[in-house]
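K.L.:
Mind having a look at this structure? Questions to follow.
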Amino acid sequence: MHTVKVSLGDRSYDIELGTGLDQAGAHLKELGLGQKMALVTNPLIKKLHGQRMVDSLKAAGFLVMSVEVPDGEQYKNLDWANAIYTALLTNGFDRKSALVAFGGGVIGDLTGFAAATFMRGVPFVQVPTTLLAMVDSSVGGKTGVNHPMGKNMIGAFYQPKKVLMDLAVLKTLPREEFLSGMAEVIKYGVIRDAAFFDYLDKNREEILSLEPDVLTHIIKRSCEIKAEVVSKDEREGGLRAILNFGHTVGHAIETAENYTMRHGEAVAIGMVYASRLAHKTGLCDAAVPEQVEKLVRSYGLPTDLSALKRRPGVTELMDTMQIDKKAEGGKVKFILPKTIGEVVITKEWEEGHLKNLLAD
Ligand SMILES: NC(=O)c1ccc[n+]([C@@H]2O[C@H](COP(=O)([O-])OP(=O)(O)OC[C@H]3O[C@@H](n4cnc5c(N)ncnc54)[C@H](O)[C@@H]3O)[C@@H](O)[C@H]2O)c1
Ligand SMILES: [Zn+2]
Numbered sequence: 450m451h452t453v454k455v456s457l458g459d460r461s462y463d464i465e466l467g468t469g470l471d472q473a474g475a476h477l478k479e480l481g482l483g484q485k486m487a488l489v490t491n492p493l494i495k496k497l498h499g500q501r502m503v504d505s506l507k508a509a510g511f512l513v514m515s516v517e518v519p520d521g522e523q524y525k526n527l528d529w530a531n532a533i534y535t536a537l538l539t540n541g542f543d544r545k546s547a548l549v550a551f552g553g554g555v556i557g558d559l560t561g562f563a564a565a566t567f568m569r570g571v572p573f574v575q576v577p578t579t580l581l582a583m584v585d586s587s588v589g590g591k592t593g594v595n596h597p598m599g600k601n602m603i604g605a606f607y608q609p610k611k612v613l614m615d616l617a618v619l620k621t622l623p624r625e626e627f628l629s630g631m632a633e634v635i636k637y638g639v640i641r642d643a644a645f646f647d648y649l650d651k652n653r654e655e656i657l658s659l660e661p662d663v664l665t666h667i668i669k670r671s672c673e674i675k676a677e678v679v680s681k682d683e684r685e686g687g688l689r690a691i692l693n694f695g696h697t698v699g700h701a702i703e704t705a706e707n708y709t710m711r712h713g714e715a716v717a718i719g720m721v722y723a724s725r726l727a728h729k730t731g732l733c734d735a736a737v738p739e740q741v742e743k744l745v746r747s748y749g750l751p752t753d754l755s756a757l758k759r760r761p762g763v764t765e766l767m768d769t770m771q772i773d774k775k776a777e778g779g780k781v782k783f784i785l786p787k788t789i790g791e792v793v794i795t796k797e798w799e800e801g802h803l804k805n806l807l808a809d
C-alpha cells in the first residue's frame, strides 16, 4: 500500500492507494467515526462493486445505509443533495455519522457538498472509482453541485478525512472514461514534472493495459502533485490555479458542447491550445506544443476543435471565456507552459493570437 499525505494542518489527511475494497472498513475504523455511515453511490457502481464495499464496512462494525443517486452529471444538483439530507434525517444521522462517496467525480462532488452542509459539516471519506476521481476530484477538497445557470456554481471547500483507492475497480471502467482521466494525468506532467511526462510517453502500453505497478505509479505521482499544490494554496489564492492548465479553453468547449463532451477530452484540447498560445506569446519554443499534442493524441484523446459535434465560432468561445473572466474582474488568466514541467499564470497574452489559433 502507498500513502500520499495532504498537509493542511488540522485538516490533513491520507490518500491510500492499493487498499482493497475488502479492507475499506478496517481502514475507516481507525478514524474514530460514529457507527452510522451512509454509502452514497449510483446504481451502476453499486451493482459492480457495492456488495464488497458494504460487506467490508459492516464487518468493521458500521451500520451502513446506502443512498443511491441516479447516474449522470445532471443529478449533481441541489435536489439530490436534498435527497441525501432527507435520507440522513429519516435515519437519525447525527454530527458524528459519516458519509462515504463511492463513485466518480459526480458522486464525490455531491457527497462532499452534502457532508459539508449537513448539520454544518459531518465527516466524509472518498472512495473514488474513476481515474479522473482518483487523480483529481477526490483530492483537494473542492465539493459542489451544479445550478441550472452554471456548472459547479454552488459549493464549499471541505476536506475528506481519508481517500481510499482500490485500483482494481478501474478494470470495469469504460475505456473512454479512463482516457478522459488520462488528460488530467498528462496535465500534471506538463505543469510540474517533465520526467513524469516522459514516463507517460514511454509506458503507454502498460498504462493502457492497467499494469498494476505502472498504474499505481501514475496515480500516486498525480496525487502527490495535486497534494503539494493544494497544501501550498488550499483556496486558490495563487498557485492552485496552475491545476487549471487546459481548462480555460476546455470549459469554453464543454459549454459549447452543452456538457456532452467528457471533461478530460475538453481539457485535452484545451491543453493543446494553451501550449500553442504559449509559443505564440514567446514563452516556449515550438517543440512544447508539439510534444503536448503528440502525447495527448497518443492516448486517443482529441487535440483540436474538429472533434466537436458542432464547431463553435471563435467569438462564441471567446465570449464564454469572457464570462469566466467577469467572475474574476479582469483579463482571463491563462496557465501557459514555459517548458514541459513548468507553467506560468499570466494575463500577458494577446487576444489576436488566441483568435487565430481557434480559427485555424
Ligand atoms: N472537485 C474537483 O476538484 C473536481 C475536479 C475535476 C472534476 N470534478 C467533477 O467530476 C465530475 C466528473 O467525474 P468523472 O469523470 O469521474 O465522471 P462520473 O462520476 O460521471 O463517472 C463517469 C461514468 O463512469 C461510471 N463509473 C464510475 N466508476 C466506475 C467503475 N469503476 N466501473 C464502471 N463504471 C464506472 C459512472 O457511473 C459514470 O457513468 C464532474 O462533475 C466534474 O465537475 C471535480
Ligand atoms: Zn479538470
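So the sequence shown is numbered by our numbering: it starts at 450 and just counts up by one.
Ideal placement from N, C-alpha and C gives every residue a C-beta, glycine not left out.
Fair warning: this is a prediction, and the values are worked out from it, not measured in the lab.
1. Exposed or buried, which one is I656 when buried takes at least 16 other CB atoms within 10 Å?
2. Could you check where the beta strand (DSSP E) with P786 kicks off and where it finishes?
3. Verify whether the separation of the beta carbon atoms of A509 and A475 is less than 8 Å.
4. Would the beta-carbon of H712 be found less than 7 Å away from any heavy atom of ligand 2?
5. Using a Cβ-Cβ cut-off of 7 Å (strictly less than) and excluding sequence neighbours within five positions of K545, which residues of its own chain qualify?
6. Taking the alpha carbon of T665 as the reference point, which residue from K758, L616, T769 has its own alpha carbon closest?
7. Taking only heavy atoms of ligand 2 into account, decide whether any of them is closer than 7 Å to the Cβ of D585.
8. Verify whether the separation of the beta carbon atoms of A530 and F562 is less than 8 Å.
9. What do you get for P786, buried or exposed, if any count of 16 or more other CB atoms within 10 angstroms of its CB means buried?
10. In the DSSP assignment, find the unbroken beta strand (DSSP E) run with L613 in it and report its ends.
11. R641 to L692, Cα distance in whole Å?
12. Decide if the region 538-556 is in contact with the region 595-605; the criterion is three or more beta carbon pairs, one per stretch, under 8 Å apart.
13. What separation, rounded to the nearest whole angstrom, lies between the Cα atoms of D520 and P492?
14. Looking at the structure shown, is Q771 part of a helix, part of a strand, or coil, going by DSSP?
15. Just tell me which of T697, L766, V737 has its CA closest to the CA of I794.
16. With respect to 7 Å, is the separation between the Cβ of K525 and the closest non-hydrogen atom of ligand 1 below this value?
17. Let me know the beta strand (DSSP E) ranges lying completely inside the region 456-492, each 3 residues or longer, listed in chain order.
18. Which of helix, strand or coil does DSSP assign to A735?
19. The alpha helix (DSSP H) spanning I702 covers which residue range?
20. Regarding V555 and ligand 3, is the C-beta to nearest heavy atom distance less than 7 Å?
21. Nearest CA to the CA of Q608: which residue from L750, N595, T579, L548?
22. How should G570 be labelled, buried or exposed, when 16 other C-beta atoms within 10 angstroms of its C-beta is the threshold for buried?
23. Can you give the beta carbon distance from S515 to D558, rounded, assuming they're within the 8 Å contact cut?
24. Near K478, which residues of its chain fall below 6 Å by C-beta distance, leaving aside the five closest residues on each side in sequence?
25. Suppose only complete runs of 4+ residues qualify. What are the alpha helix (DSSP H) ranges in the region 572-657, listed by chain order?
26. Counting along the chain, where does the beta strand (DSSP E) carrying I794 start and finish?
27. On the three-state DSSP scale, how would you describe M568?
28. Classify R670: buried if its beta carbon has 16 or more other beta carbons within 10 angstroms, exposed otherwise.
29. Quick one: does the C-beta of A473 sit closer than 7 Å to a heavy atom of ligand 1?
30. If we count the other Cβ atoms within 10 Å of its Cβ and call it buried at 16 or more, is S505 buried or exposed?
31. Which residue wins for smallest C-alpha separation from S755, given the options M710, N652, A565?
32. Of the choices L726, L512, D682, G593, whose alpha-carbon is the least far from that of S456?
33. With a Cβ-Cβ cutoff of 8 Å, do L580 and L622 count as a contact?
34. Apply the 10 Å Cβ neighbour rule to A565 and answer buried if 16 or more other Cβ atoms are within range, or exposed otherwise.
35. Between the region 745-765 and the region 625-633, can you find at least three pairs of beta-carbon atoms closer than 8 Å?
P.N.:
A quick look at the data gives this:
1. By 1-based counting over the sequence shown, the position of residue 656 is 207. Flag for I656 reads buried.
2. Within the sequence shown, numbered from 1, the residue matching residue 786 stands at position 337. Run containing P786: 783-788, per the beta strand (DSSP E) assignment.
3. Walking along the sequence shown from the start, residue 509 turns up at place 60. Walking along the sequence shown from the start, residue 475 turns up at place 26. Less than 8 Å divides the Cβ of A509 from the Cβ of A475.
4. The count along the sequence shown starts at 1 and reaches residue 712 at position 263. Yes, Cβ of H712 sits closer than 7 Å to a heavy atom of ligand 2.
5. Position 96 of the sequence shown, counted from the start, is the residue given in the question as residue 545. In chain order, L482, G483 place their CB closer than 7 Å to the CB of K545, counting only its own chain and leaving out the 5 sequence neighbours on each side.
6. Numbered from its first residue, the sequence shown carries residue 665 at position 216. Out of K758, L616, T769, L616 has the C-alpha closest to the C-alpha of T665.
7. For the purposes of this step, residue 585 is taken as residue 136 along the sequence shown, with counting starting at 1. True, at least one ligand heavy atom lies under 7 Å from that Cβ.
8. If you number the sequence shown from 1, residue 530 lands on position 81. If you number the sequence shown from 1, residue 562 lands on position 113. Their beta carbons are under 8 Å apart, which means A530 touches F562 by this criterion.
9. Within the sequence shown, the letter at position 337 stands for residue 786. So P786 counts as buried.
10. As a first step, residue 613 must be located in the sequence shown, where it is residue number 164. Per DSSP, L613 belongs to the beta strand (DSSP E) from 611-614.
11. Walking along the sequence shown from the start, residue 641 turns up at place 192. Walking along the sequence shown from the start, residue 692 turns up at place 243. R641 and L692: Cα-Cα distance of roughly 10 Å.
12. No: the two stretches stay apart, fewer than three of their Cβ pairs being nearer than 8 Å.
13. As a position in the sequence shown, residue 520 is number 71, starting the count at 1. As a position in the sequence shown, residue 492 is number 43, starting the count at 1. Answer to the nearest angstrom: the Cα atoms are 7 Å apart.
14. Position 322 of the sequence shown, counted from the start, is the residue given in the question as residue 771. Looking at Q771 - three-state DSSP - the assignment turns out to be helix.
15. For the purposes of this step, residue 794 is taken as the residue at position 345 of the sequence shown. Taking each of T697, L766, V737 in turn and checking the Cα distance to I794, the smallest one comes out for T697.
16. Reading the sequence shown from its first residue, position 76 is the one you call residue 525. At least one heavy atom of ligand 1 falls within 7 Å of the beta-carbon of K525.
17. Here the runs fully enclosed are 462-466, 485-490.
18. Counting from one through the sequence shown, the residue named residue 735 turns up at place 286. Coil, per DSSP.
19. For the purposes of this step, residue 702 is taken as the residue at position 253 of the sequence shown. Looking at the DSSP string, the run of the alpha helix (DSSP H) that includes I702 is 696-705.
20. Looking at this structure, you won't find ligand 3 anywhere; what it does contain is ligand 1 and ligand 2.
21. The residue you call residue 608 lines up with position 159 of the sequence shown. If we check each option's Cα against that of Q608, L548 comes out closest.
22. For this step, residue 570 is matched to residue 121 along the sequence shown. Label assigned to G570: exposed.
23. Numbered from its first residue, the sequence shown carries residue 515 at position 66. Numbered from its first residue, the sequence shown carries residue 558 at position 109. Rounded, the Cβ-Cβ distance is 19 Å, inconsistent with contact.
24. As a working mapping, residue 478 is identified with position 29 in the sequence shown. Apart from the 5 residues on each side of it in sequence, K478 sits with its Cβ closer than 6 Å to the Cβ of A509 in its chain, given in chain order.
25. Listed in chain order, they are 624-641, 643-651, 653-657.
26. Residue 794 sits at position 345 when you count from the first residue of the sequence shown. Residue range 791-795 is occupied by the beta strand (DSSP E) that includes I794.
27. Along the sequence shown, one-based indexing puts residue 568 at 119. Here M568 sits in helix by DSSP.
28. Translated into the one-based positions of the sequence shown, residue 670 becomes position 221. With 16 or more other Cβ atoms within 10 Å, it is buried.
29. One-based indexing of the sequence shown puts residue 473 at position 24. Not under cutoff, so the answer is no.
30. Here residue 505 corresponds to residue number 56 of the sequence shown, with the count starting at 1. Per the 10 Å Cβ criterion, buried.
31. Here the question's residue 755 lines up with position 306 in the sequence shown. Here the closest residue by C-alpha is M710.
32. Taking the first residue of the sequence shown as 1, we reach residue 456 at position 7. The candidate whose alpha carbon is nearest that of S456 is D682.
33. Numbered from 1 along the sequence shown, position 131 holds the residue referred to as residue 580. Numbered from 1 along the sequence shown, position 173 holds the residue referred to as residue 622. Cβ atoms of L580 and L622: closer than 8 Å.
34. Taking the sequence shown and counting its residues from 1, one reaches residue 565 at position 116. By the beta-carbon neighbour count (other beta carbons within 10 angstroms, threshold 16), A565 is buried.
35. Under the 8 Å Cβ criterion, the region 625-633 counts as touching the region 745-765, having at least three qualifying pairs.
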